[in-house]
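Below: one structure, written as structure tokens.
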Amino acid sequence: MQTGRKKILFVVNPISGGLNKKKLPELIARNLDPKVFIPELFYTSLTLNAREITLKAIEEKFDIVIAAGGDGTMNAVAQCLVNTDIIMGILPLGSGNGLARHLHIPLKVKDAIAFINKLSHRRIDTIRINGQYSVNCIGMGFDAFVAYHFSKLPKRGLKTYVTTTMKHFKNYHRQLYTLDIDGVEFKGKAAIVTFANSSQWGNNFYIASMADIADGKIDVTIIQHLNYRNILQLAYRLISKTIHRSSQAITFKAEKINIHLEENTPLHIDGEPMLVKGNNTIEIVPSSLNILCDL
Numbered sequence: 132m133q134t135g136r137k138k139i140l141f142v143v144n145p146i147s148g149g150l151n152k153k154k155l156p157e158l159i160a161r162n163l164d165p166k167v168f169i170p171e172l173f174y175t176s177l178t179l180n181a182r183e184i185t186l187k188a189i190e191e192k193f194d195i196v197i198a199a200g201g202d203g204t205m206n207a208v209a210q211c212l213v214n215t216d217i218i219m220g221i222l223p224l225g226s227g228n229g230l231a232r233h234l235h236i237p238l239k240v241k242d243a244i245a246f247i248n249k250l251s252h253r254r255i256d257t258i259r260i261n262g263q264y265s266v267n268c269i270g271m272g273f274d275a276f277v278a279y280h281f282s283k284l285p286k287r288g289l290k291t292y293v294t295t296t297m298k299h300f301k302n303y304h305r306q307l308y309t310l311d312i313d314g315v316e317f318k319g320k321a322a323i324v325t326f327a328n329s330s331q332w333g334n335n336f337y338i339a340s341m342a343d344i345a346d347g348k349i350d351v352t353i354i355q356h357l358n359y360r361n362i363l364q365l366a367y368r369l370i371s372k373t374i375h376r377s378s379q380a381i382t383f384k385a386e387k388i389n390i391h392l393e394e395n396t397p398l399h400i401d402g403e404p405m406l407v408k409g410n411n412t413i414e415i416v417p418s419s420l421n422i423l424c425d426l
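First residue of the sequence shown? That's 132 in our numbering, and the numbers climb one at a time after it.
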């Protein structure tokens with residue numbers, strides 16, 4: 132091994148985004164600078180997940196770990212790298228690629244690999260909830276409900292996500308939330324509650340267009356109603372980065388939020404769904420992840 136070359140591991144999810152990953156080794160060989168990096172690839176499987184692979188990379192003193200997949204792969208890698216000096220990177224191979232878009236990482240695979248050669252990185256914030264970390268956003272309400280059902284489907288991709296959303300839209304009912312946002316109480320029914328670190332869910336739908344991923348704040352967006360009468364208006368607001376101006380939205384910036392939930396409630400962390408109940412704490416963890424980006 133030449134002095135100065137960096138050990139870089141690509142953690143590849145072979146099924147993310149419905150994309151074929153067979154050409155990935157060839158693309159890495161063509162576009163990653165061999166004078167700077169010593170690359171290795173590891174594919175996730177039923178017996179070896181992204182978290183286990185990343186923990187092994189930490190033991191073996193890799194300099195950089197690249198999450199090559201969607202939000203789930205990205206989050207699993209990040210969980211392990213928070214509060215370390217190891218640099219994280221993203222090959223955006225998922226359905227929405229919200230964090231990659233916010234970080235100005237190219238969406239074409241060969242361009243995203245070439246971007247790594249710049250070694251442009253900085254420390255960003257993460258959000259912690261009940262001991263787990265989010266890099267992009269945490270959501271409750273309809274988007275979490277859809278994420279739960281989407282995760283059960285064998286076929287991924289944007290088309291499947293849109294179909295799942297439309298299928299459950301008419302049957303979804305608002306829930307009651309009690310939030311303590313930096314000491315200010317919010318209690319009421321809402322259709323969507325998002326705690327954002329970056330600006331968008333994905334596919335350029337901006338749920339927190341004013342978000343700064345390194346400002347030490349969580350951007351909270353509460354959408355009170357979601358129905359056939361306002362869906363087009365809300366979609367326009369999300370795409371045009373003006374959701375904070377909508378009469379249906381309440382927005383805050385906060386460092387710590389306490390949530391009390393009377394019953395099991397769907398929640399997603401970077402798109403990965405779960406059910407939560409009782410008292411939950413969401414808080415910002417400033418400058419806790421070193422990540423490749425162009426900010």
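No residue lacks a Cβ here, since even glycine has one placed at the ideal position from N, Cα and C.
Would you mind sorting residue i into buried or exposed? The rule is 16 or more other CB atoms within 10 Å of its CB.
i: R232; result: buried
i: Q364; result: exposed
i: P417; result: exposed
i: P223; result: buried
i: K283; result: exposed
i: Y367; result: exposed
i: L179; result: exposed
i: M271; result: buried
i: G220; result: buried
i: V315; result: exposed
If I measure Cβ to Cβ from residue i and keep anything under 6 Å in the same chain, skipping five residues before and after, which residues do I get?
i: N248; result: D164
i: Q133; result: Low per-residue confidence applies at Q133: pLDDT is 47, beneath 50, and the placement is therefore not dependable, though the value from the model is reported in the following sentence. No residues qualify anywhere along the chain.
i: S330; result: H233, Y337, A339, S340 and A342
i: F317; result: L310
Using only the alpha-carbon positions, how far apart do residue i and residue j sit?
i: T295; j: N334; result: 16 Å
i: D242; j: A160; result: 13 Å
i: C424; j: R253; result: 7 Å
i: T185; j: T373; result: 37 Å
i: I362; j: I260; result: 29 Å
i: P156; j: N410; result: 45 Å
i: I244; j: K192; result: 21 Å
i: F276; j: N162; result: 39 Å
i: G319; j: K239; result: 42 Å
Please name the residue, chosen from the options, that lies closest to residue i on a Cα-to-Cα basis.
i: R360; options: K348, V351 and Q379; result: Q379
i: T212; options: G200, Y303, W332 and D194; result: According to the sequence shown, residue 212 is Leu rather than Thr. Among G200, Y303, W332 and D194, the Cα nearest to that of L212 belongs to D194.
i: I269; options: P237, I353 and E191; result: I353
i: T427; options: R305, P145 and L238; result: As displayed, the chain neither begins before 132 nor continues past 426, which places residue 427 out of reach and without an answer.
i: D256; options: I344, E316, S377 and A275; result: I344
i: H356; options: Q306, D401, L238 and I390; result: Q306
i: V167; options: Y308, I323, P404 and K137; result: K137
i: F273; options: K298, Y264 and Q263; result: K298
i: T382; options: A321, S251 and P237; result: A321
What does a CB cutoff of less than 7 Å around residue i pick up in its chain, not counting 5 residues either side in sequence?
i: A385; result: I312, D313, K348, I349 and V351
i: Y461; result: No information on residue 461 is available, as it lies outside the stretch 132 to 426 that the chain covers here.
i: K408; result: L392, E394, N395 and T396
i: F326; result: I258, C268, I269, I349, V351, I388 and I413
i: G229; result: N267, S329, Q331, W332 and G333
i: M405; result: L398
By Cβ distance below 8 Å, which residues in the same chain neighbour residue i in space, the five residues on each side in sequence not counted?
i: A181; result: V142, N144, T175, A198, G200, G203, T204, A207 and V208
i: E403; result: D202, G203, N206, A278 and S282
Just checking: is the beta-carbon of residue i within a distance shorter than 8 Å of some beta-carbon in chain B?
i: F168; result: The structure shown has no chain B; it contains just one protein chain.
Considering only DSSP beta bridges, list what residue i is partnered with.
i: C268; result: A327
i: R376; result: Per DSSP, none; premise fails for R376.
i: H252; result: L423
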